[in-house]
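**Q**
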Amino acid sequence: MSGTYDVDVVREFNAPPSRVWAAWTVPGDLRQWWGPTGFTCPRAEADVRPGGRILVTMRAPAEWGGFEQHSTWNITELEPLRLIRYVFNFADADGNRITPAEAGIPADGVPADGEHEVVLTDLGDGRTMLHMTERGYGTEEARDMSQSGLEQCLDKMAALVEGRP
Numbered sequence: 020m021s022g023t024y025d026v027d028v029v030r031e032f033n034a035p036p037s038r039v040w041a042a043w044t045v046p047g048d049l050r051q052w053w054g055p056t057g058f059t060c061p062r063a064e065a066d067v068r069p070g071g072r073i074l075v076t077m078r079a080p081a082e083w084g085g086f087e088q089h090s091t092w093n094i095t096e097l098e099p100l101r102l103i104r105y106v107f108n109f110a111d112a113d114g115n116r117i118t119p120a121e122a123g124i125p126a127d128g129v130p131a132d133g134e135h136e137v138v139l140t141d142l143g144d145g146r147t148m149l150h151m152t153e154r155g156y157g158t159e160e161a162r163d164m165s166q167s168g169l170e171q172c173l174d175k176m177a178a179l180v181e182g183r184p
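In this note's numbering, the protein residues as written are 20 to 184.
1) Count the other C-beta atoms from every protein chain shown that fall within 10 angstroms of the C-beta of G47, then say buried if there are 16 or more, exposed otherwise.
2) List in chain order: all unbroken beta strand (DSSP E) runs of 3+ residues lying wholly within the region 105-158.
3) Below 8 Å, how does it come out for the region 37-47 and the region 150-162: are there three or more Cβ pairs, yes or no?
4) By how many angstroms is the C-alpha of M77 removed from the C-alpha of Q166?
5) Touch check for the region 90-98 and the region 58-72: three-plus C-beta pairs under 8 Å?
6) Just to check my reading of the structure: C60 and R50 have Cβ atoms closer than 8 Å, yes? What is that Cβ distance to the nearest angstrom?
7) Of the choices Y24, Q88, D25 and V29, whose alpha-carbon is the least far from that of T147?
8) Take the Cβ of G123 as the centre, count every other Cβ of all protein chains shown within 10 Å, and call the residue buried at 16 or more, exposed below.
9) Taking D111 as the reference, give the member of I103, E170, P36 and F86 with the closest Cα.
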């Protein structure tokens with residue numbers, strides 16, 4: 020999209036693609052890494068197929084008020100062990116789409132329908148490269164905030180898939 024800012028992150032994991040794929044698609048795994056540092060994920064539901072969706076709930080730490088934020092990842096394209104494309108939406112507790120403003124997110128710069136893409140590449144020797152893109156942020160600040168949160172999530176994912184504490 021012209022005039023917008025994208026998050027573009029590349030990360031290598033010391034884990035095979037099947038393990039990294041599971042982190043994205045298995046509810047028990049999603050609950051262990053979704054949310055930035057200090058946040059938890061008390062709920063994850065996954066209908067992993069084109070036209071399916073993933074629903075996650077992120078809970079803030081007590082010192083931030085313990086609020087919960089729900090989102091859906093509506094899958095538009097899927098190639099098992101290699102690609103997930105989805106539209107990210109904020110949601111209410113029942114999984115119904117709401118606007119960023121209704122979710123308590125400053126609407127300026129945060130897309131209502133965020134186009135996301137996750138690509139996994141098998142590097143051999145039990146290693147995987149993840150390339151994630153989030154498209155359509157209206158401001159650099161919104162993009163930077165999302166990228167920071169994503170990097171923290173991926174740190175938690177690395178610990179999970181690499182078997183580290």
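Yeah, the Cβ is synthetic: ideal placement off N, Cα and C, and Gly gets one too.
**A** So, to answer that:
1) Exposed, because fewer than 16 other Cβ atoms sit within 10 Å of the Cβ of G47.
2) 133-143 and 146-156
3) no
4) Taking the straight line from one Cα to the other gives about 16 Å.
5) Enough Cβ pairs lie closer than 8 Å, so yes.
6) 5 Å
7) Closest by alpha carbon: V29.
8) exposed
9) F86
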